[in-house]
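Visitor:
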Amino acid sequence: MIQIQHLTKTYKLKNKTTFLALDDVSLNINKNESLGIIGYSGAGKSTLLRMINLLIKPDKGTILLEGKDLSKLSRKELNETRQKIGMIFQNFNLLNQLTVYQNIKLTLDISNYNKDKDQRIKEVLTQVGLLDKKDEYPSKLSGGQKQRVGIARAIANQPKYLLCDEITSALDQKTATEIIELLNAIKEKYQMTIIFITHQIDMARKICDRMVVMEKGKIIEDQKTIDLFINPKEETTKQLIQSDLEEDKLKRKNVYQLIYVDNQNETILSDTIKKYQINTNILQAKTIDLKNQVIGYLIIEVTGEKQAEAINYLKQNGIEVKKHV
Numbered sequence: 002m003i004q005i006q007h008l009t010k011t012y013k014l015k016n017k018t019t020f021l022a023l024d025d026v027s028l029n030i031n032k033n034e035s036l037g038i039i040g041y042s043g044a045g046k047s048t049l050l051r052m053i054n055l056l057i058k059p060d061k062g063t064i065l066l067e068g069k070d071l072s073k074l075s076r077k078e079l080n081e082t083r084q085k086i087g088m089i090f091q092n093f094n095l096l097n098q099l100t101v102y103q104n105i106k107l108t109l110d111i112s113n114y115n116k117d118k119d120q121r122i123k124e125v126l127t128q129v130g131l132l133d134k135k136d137e138y139p140s141k142l143s144g145g146q147k148q149r150v151g152i153a154r155a156i157a158n159q160p161k162y163l164l165c166d167e168i169t170s171a172l173d174q175k176t177a178t179e180i181i182e183l184l185n186a187i188k189e190k191y192q193m194t195i196i197f198i199t200h201q202i203d204m205a206r207k208i209c210d211r212m213v214v215m216e217k218g219k220i221i222e223d224q225k226t227i228d229l230f231i232n233p234k235e236e237t238t239k240q241l242i243q244s245d246l247e248e249d250k251l252k253r254k255n256v257y258q259l260i261y262v263d264n265q266n267e268t269i270l271s272d273t274i275k276k277y278q279i280n281t282n283i284l285q286a287k288t289i290d291l292k293n294q295v296i297g298y299l300i301i302e303v304t305g306e307k308q309a310e311a312i313n314y315l316k317q318n319g320i321e322v323k324k325h326v
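If you read the sequence shown in our numbering, its first letter stands for residue 2, the second for the next number, and so on.
1. Taking DSSP as the reference, what is the three-state secondary structure of Gly151?
2. Out of His325, Thr48 and Ile208, which one is the CA nearest neighbour of Gln258?
3. By the DSSP assignment, the alpha helix (DSSP H) with Asn80 in it spans what residues?
4. Pick helix, strand or coil for Leu66, following the three-state DSSP scheme.
5. Taking the straight line between their C-alpha atoms, what separation do you get for Thr288 and Thr268?
6. Do Leu126 and Ala157 have their CB atoms nearer than 7 angstroms?
7. Whole alpha helix (DSSP H) runs in the region 187–243 with 4 or more residues, listed along the chain?
8. By the three-class DSSP mapping on this structure, what secondary structure does Asn104 have?
9. Can you tell me whether Met52 is helix, strand or coil according to DSSP?
10. With distances taken from CA atoms, which of Gly218, Tyr277, Asp136 and Gln224 is nearest Asn29?
11. Go through its chain and collect everything with a Cβ distance to Cys165's Cβ below 6 angstroms, but skip five positions before and after it.
12. Is Gln120 near the ligand PLP, judged by its Cβ being under 6 angstroms from some heavy atom?
13. With Asn313 as the anchor, note down where its alpha helix (DSSP H) starts and where it stops.
14. Taking the beta carbon of Leu36 as the centre, do at least 16 other beta carbons fall within 10 Å, making it buried, or is it exposed?
15. When you compare the CB positions of Pro233 and Ile242, do they come within less than 7 angstroms of one another, or not?
16. Enumerate in chain order the residues of its own chain whose CB-to-CB distance from Gln91 is below 8 angstroms, with the five nearest sequence positions on each side excluded.
17. Would you kindly report the start and end of the unbroken alpha helix (DSSP H) that includes Glu124?
18. Cβ of Met212 within 7 angstroms of Cβ of Gly45?
19. Secondary structure at Gly145, three-state DSSP: helix, strand or coil?
20. Kindly indicate the opening and closing residues of the beta strand (DSSP E) around Tyr12.
21. Between Thr100 and the rest of its own chain, which residues show a CB-CB distance below 8 angstroms, the 5 nearest in sequence each way excluded?
22. At the level of alpha carbons, what is the spacing between Leu8 and Ile300?
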């Protein structure tokens with residue numbers, strides 16, 4: 002268990018002003034849970050994450066890891082405790098002059114891993130699907146492959162805790178989802194605690210049992226993931242969820258934008274559904290009042306065998322139709 006008690010951190014800026022990154026933050030992280038810490042840029046998420054292993058030291062407050070106050074440990078004791086914590090970074094942080102194999106081996110060397118290193122390296126590379134890339138250099142890898150190496154490196158010495166700092170934000174949607182699926186498999190295999198920092202609530206909801214929302218250096222909401230989506234309490238949380246819902250809807254296939262004047266869409270769309278036996282799902286609807294007219298925007302998902310004919314019919318009847326990309 003990780004216990005975070007009354008953490009405060011202020012940064013001094015170049016113009017001699019100060020920035021309060023954390024403001025009296027307290028949080029308990031339970032054994033084997035996946036905790037998401039979400040919020041917009043500047044909320045204090047990464048500062049909080051990096052205090053868990055004292056990469057950043059707080060001005061005030063304590064971090065207890067399994068009952069030990071990290072600030073009171075000797076350098077040797079702190080290094081030993083840090084071996085229980087793996088970390089994955091947004092920008093991968095791989096050493097370009099080392100191969101994939103050597104990047105992971107370096108971590109094991111530093112941590113004084115006393116088992117068969119070669120076997121362990123091959124084991125984690127197999128788990129992340131990159132055993133065939135073990136002799137490649139990072140420059141030859143895609144972004145998703147680099148992050149897989151970062152994951153393999155982070156779990157190589159079998160930590161109990163895994164800190165993930167915006168690890169999907171530099172990846173495309175498909176690759177990011179694959180990384181989340183990989184993390185879920187790793188958590189199930191190793192029964193570790195995951196702390197997942199992100200501004201992408203659509204990624205966090207796929208892995209986190211519980212989420213806390215941060216804003217201006219404070220935790221403003223803390224709920225189980227399902228409860229957060231059903232009953233968000235704070236306006237920032239509602240905005241994060243709404244943006245996720247809208248983005249998720251528009252990622253579907255066969256989505257079209259219909260633009261029409263006044264009420265012409267109502268009967269035409271109804272006629273189209275009957276005539277071509279298609280199914281429609283309205284994703285968004287909006288009207289804009291002009292001086293003497295109303296312009297309507299409708300985003301719909303269309304399914305059915307005669308989808309193409311239906312779209313042509315709408316166009317022939319004066320509806321502007323655009324494929325939503």
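We treat Cβ as the ideally placed atom computed from N, Cα and C, and that holds for glycine.
Guide: According to the structure shown:
1. Along the sequence shown, one-based indexing puts residue 151 at 150. The answer is helix: DSSP assigns Gly151 an H, G or I state.
2. Your numbering for residue 258 matches position 257 in the sequence shown. A check of alpha carbon separations from Gln258 across His325, Thr48 and Ile208 identifies His325 as the nearest.
3. Against the sequence shown, residue 80 aligns to sequence position 79. It spans Arg76 to Arg83 - the alpha helix (DSSP H) in which Asn80 sits, taken as one unbroken run.
4. Taking the sequence shown and counting its residues from 1, one reaches residue 66 at position 65. In the structure shown, the three-state DSSP call for Leu66 is strand.
5. Within the sequence shown, the letter at position 287 stands for residue 288. Within the sequence shown, the letter at position 267 stands for residue 268. One C-alpha to the other measures close to 17 angstroms.
6. As a working note, residue 126 is residue 125 in the sequence shown. As a working note, residue 157 is residue 156 in the sequence shown. Their beta carbons are not under 7 angstroms apart, which means Leu126 does not touch Ala157 by this criterion.
7. 202–205 and 226–231
8. Counted from its first residue, the sequence shown places residue 104 at position 103. It is helical.
9. Mapped onto the sequence shown, residue 52 falls at position 51. Looking at Met52 - three-state DSSP - the assignment turns out to be helix.
10. Here residue 29 refers to the residue found at position 28 of the sequence shown. When only C-alpha atoms are compared, the closest one is Gln224.
11. Here residue 165 corresponds to residue number 164 of the sequence shown, with the count starting at 1. Cβ neighbours of Cys165 beyond the five flanking positions: Ile89 and Phe197.
12. Only the bare structure without any ligand can be found here, which leaves the ligand PLP out of the picture.
13. Looking up residue 313 in the sequence shown gives position 312. In the DSSP assignment, Asn313 falls within the alpha helix (DSSP H) that extends over Gln308 to Gln317.
14. Taking the sequence shown and counting its residues from 1, one reaches residue 36 at position 35. Under this definition Leu36 is a buried residue.
15. Here the question's residue 233 lines up with position 232 in the sequence shown. Here the question's residue 242 lines up with position 241 in the sequence shown. With respect to the 7 angstroms criterion, Pro233 and Ile242 are classified as neighbours on the basis of their beta carbons.
16. By one-based count along the sequence shown, residue 91 stands at place 90. So the list reads Asp166, Glu167, Ile168, Ser170 and Ala171, once near-sequence residues are dropped.
17. Position 123 of the sequence shown holds residue 124. Start and end: Lys118 to Gln128.
18. Mapped onto the sequence shown, residue 212 falls at position 211. Mapped onto the sequence shown, residue 45 falls at position 44. In this structure, Gly45 does not lie closer than 7 angstroms to Met212 by Cβ.
19. Reading the sequence shown from its first residue, position 144 is the one you call residue 145. Helix at Gly145.
20. Stepping through the sequence shown from its first residue, residue 12 is reached at position 11. Its beta strand (DSSP E) spans residues Ile3 to Lys13.
21. Here residue 100 refers to the residue found at position 99 of the sequence shown. Within the same chain, Thr100 has close Cβ partners Lys135, Asp136, Glu137 and Tyr138.
22. As a first step, residue 8 must be located in the sequence shown, where it is residue number 7. As a first step, residue 300 must be located in the sequence shown, where it is residue number 299. About 46 angstroms.
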